[in-house]
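Written out below as structure tokens is the structure these notes cover.
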Amino acid sequence: MKLIGPFKQLLTLAHLPLKGALKDEQLEIITDAGIVTDNDLIIAVGAYHNLKEQYHDATLEEIEGDQVLLPGFVDSHTHICFGGNRAKDFAMRLNGKTYLEIAESGGGIWSTVTQTRSKSADELKDITLSNAEQLIRKGTTTAEVKSGYALSVEGELKMLEGINLANQECEIDLIPTFLGAHMKAKDFTGSNHEYLRELIEKVFPILKEKQLTKRVDIFVEQSAFSVEEGDYYLTEAKKQGFELTIHADQFTTGGSQLAIKHKALSADHLEFSDEKEVRELAFSDVVATVLPGASIGLGMQFAPARKLLDRGCCVSIASDWNPGSAPMGDLLTQASILAAFQKLSTAEVLAGITFRAAKALNLEDRGILSIGKKADFVAFPTTDFQNIIYHQGQLQPSMVWKNGNRIH
Ligand code: NIG
Ligand code: FE
33 MKLIGPFKQL LTLAHLPLKG ALKDEQLEII TDAGIVTDND LIIAVGAYHN
83 LKEQYHDATL EEIEGDQVLL PGFVDSHTHI CFGGNRAKDF AMRLNGKTYL
133 EIAESGGGIW STVTQTRSKS ADELKDITLS NAEQLIRKGT TTAEVKSGYA
183 LSVEGELKML EGINLANQEC EIDLIPTFLG AHMKAKDFTG SNHEYLRELI
233 EKVFPILKEK QLTKRVDIFV EQSAFSVEEG DYYLTEAKKQ GFELTIHADQ
283 FTTGGSQLAI KHKALSADHL EFSDEKEVRE LAFSDVVATV LPGASIGLGM
333 QFAPARKLLD RGCCVSIASD WNPGSAPMGD LLTQASILAA FQKLSTAEVL
383 AGITFRAAKA LNLEDRGILS IGKKADFVAF PTTDFQNIIY HQGQLQPSMV
433 WKNGNRIH
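Those letters in the sequence shown? Residues 33 to 440, per our numbering, in order.
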């Protein structure tokens with residue numbers, strides 16, 4: 033047993049609704065707080081001096097200076113397992129080429145595929161670990177990681193092997209997702225439908241047999257897969273018991289409706305979701321995951337986060353860290369910028385990167401500082417929580433704990 037504190041403020045993020053708009057007044061803030069952990073779990077949260085009396089046997093981990101404690105961040109959408117770099121694509125966009133034009137001319141995702149295919153599973157593990165290390169320093173204690181940069185049966189399995197190996201060594205949880213359906217491989221000679229069929233027939237069974245992932249993702253977009261193709265793929269994936277998530281409505285609509293139809297855990301991107309899509313998402317249990325890093329990287333509009341919240345969606349905010357559209361990889365900075373443009377409350381931002389993001393990953397054991405939840409938390413060197421979003425990512429975590437242990 034361990035008593036950690038005192039913290040100037042501790043935000044539990046407890047007792048908040050999963051869906052819809054939030055006001056800062058709804059946040060539960062404990063001042064001069066402590067937190068008691070037993071192994072990887074939280075067993076008490078409250079006033080430090082009370083906990084000190086009550087848990088006098090606990091080992092003390094005394095905290096110096098003014099610190100604000102939050103649940104560890106959950107980044108529910110990343111592509112941090114990749115080879116090489118796409119600075120050339122970025123420069124081309126600065127010179128006026130669009131993301132889709134670059135993709136069509138052989139750059140884009142395909143250029144990362146050629147750079148990723150040449151890596152071994154071990155090298156991919158090392159790249160993933162080194163990127164995860166950066167996430168940890170910024171306060172993330174759980175991150176989803178997608179495959180999707182090899183686009184062949186062997187290559188995709190190698191990526192998932194690399195991600196799983198990284199998870200075994202990593203101090204935080206890395207949740208793998210199969211994104212073989214990122215686009216059809218350019219060296220695959222058949223149709224999109226045939227490519228998807230190959231993934232269904234050759235990859236799905238191995239994902240299960242080797243327990244490489246429970247999650248399947250598809251990019252539904254003009255440059256990738258149509259709504260009909262997505263429908264076919266998701267029907268099969270659902271039948272086989274996979275959890276679903278979709279790259280949806282990034283440039284054109286259609287993907288979010290598929291997410292609703294197939295009861296996906298989340299629909300991610302949503303930059304082009306309009307009133308109709310937003311309303312339908314709000315009536316569903318699909319988490320609406322917005323990815324401000326992709327909007328910043330591509331210089332395009334943000335997803336309508338304000339509207340999604342006002343209509344009643346559960347909104348997760350994720351980094352989408354990838355070498356093409358979202359190379360920054362800094363969730364707090366991106367979420368703070370999104371908040372400024374979309375007028376999100378601090379409560380909505382914090383919910384979006386903690387328990388609402390955990391919902392997108394079907395994880396109910398984290399994202400809230402309360403009894404029985406995972407002892408994953410992050411401290412910021414400040415007296416007041418509002419300074420965290422105010423500094424737009426420049427106020428960096430001073431300490432991070434995972435499963436009750438200090439990892440940063
Ligand atoms: O989420 N939109 C599709 N996939 C990634 C980007 C992939 C890439 O450009 O490498 C995304 O933005
Ligand atoms: Fe993505």
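Note that CB positions come from ideal geometry on N, CA and C, so glycine has one too.
For residue 94, the three-state secondary structure derived from DSSP is strand. Rounded to the nearest whole angstrom, the CA to CA distance from residue 357 to residue 311 is 27 Å. Taking the Cβ of residue 352 as the reference point, at least one heavy atom of ligand 2 falls within a distance shorter than 6 Å.
Using a 10 angstroms sphere on the CB of residue 304, the tally of other CB atoms reaches 16 or more, which defines it as buried.
Relative to residue 101, the option among 434, 411, 256, 324 whose CA is nearest is 411.
In the DSSP assignment, residue 207 falls within the unbroken beta strand (DSSP E) covering 205-213. Restricting attention to 46, 144, 427, the CA atom closest to the CA of residue 400 is found in 46. Within the chosen limit of 6 Å, ligand 1 does not reach the beta carbon of residue 152 with any heavy atom. The Cβ neighbour count for residue 301, taken over all protein chains shown within 10 Å, is at least 16; the residue is labelled buried.
For residue 190, the three-state secondary structure derived from DSSP is helix. Relative to ligand 1, the nearest heavy atom lies less than 6 Å away from the CB of residue 251.
DSSP places residue 307 within a helical segment (H, G or I) once states are collapsed to three.
Counting only runs of at least 4 residues, the region 77-155 fully encloses the following alpha helix (DSSP H) elements, listed from N- to C-terminal order: 80-86, 119-126, 131-136, 141-149. Straight-line spacing of the CA atoms in residue 246 and residue 85 works out to 44 Å. The beta-carbon distance between residue 383 and residue 74, rounded to whole angstroms, is 18 Å. This is too long to meet the 8 Å contact definition. For the set 109, 260, 342, 57, the Cα lying nearest the Cα of residue 390 is the one of 109.
Short of 7 Å from the beta carbon of residue 201, and not among the five residues preceding or following it, lie these beta carbons of its own chain, in chain order: 161. In this structure, the C-beta of residue 144 approaches ligand 1 to less than 6 Å from one of its heavy atoms. If you check the CB distance, residue 347 and residue 371 do not come in under 7 Å. In this chain, the alpha helix (DSSP H) harbouring residue 329 covers 324-330. Here the alpha carbon of residue 136 sits roughly 29 Å from the alpha carbon of residue 337.
The Cβ atoms of residue 56 and residue 378 lie closer than 7 Å to each other. In this structure, residue 394 lies away from residue 72, with their beta-carbon atoms at least 7 Å apart. Residue 224 sits away from residue 218, with the two beta carbons spaced by 7 Å or more. Cα atoms of residue 236 and residue 284: separation of roughly 28 Å, rounded to the nearest angstrom.
Distance from the CA of residue 345 to the CA of residue 60, rounded to the nearest whole angstrom, comes to 21 Å. In the structure shown, residue 169 adopts helical secondary structure according to DSSP, grouped into three states. Per DSSP, the continuous alpha helix (DSSP H) segment holding residue 381 begins and ends at 378-384.
Secondary structure of residue 162 (DSSP, three-state): helix. By alpha-carbon distance to residue 306, the top candidate from 282, 355, 429 is 282. Judged by beta-carbon spacing, residue 364 lies within the 7 Å limit of residue 425, meaning their Cβ atoms are closer than that value. Going by C-alpha positions, residue 194 is about 11 Å away from residue 178.
Counting C-beta pairs closer than 8 Å gives three or more between the region 140-151 and the region 180-199, which meets the contact rule.
The nearest non-hydrogen atom of ligand 1 is less than 6 Å from the C-beta of residue 326. With fewer than 16 other Cβ atoms from the protein chains shown falling within 10 Å of its own Cβ, residue 438 counts as exposed. Of all alpha-carbon atoms in 141, 95, 91, the one lying nearest the alpha-carbon of residue 413 is that of 95.
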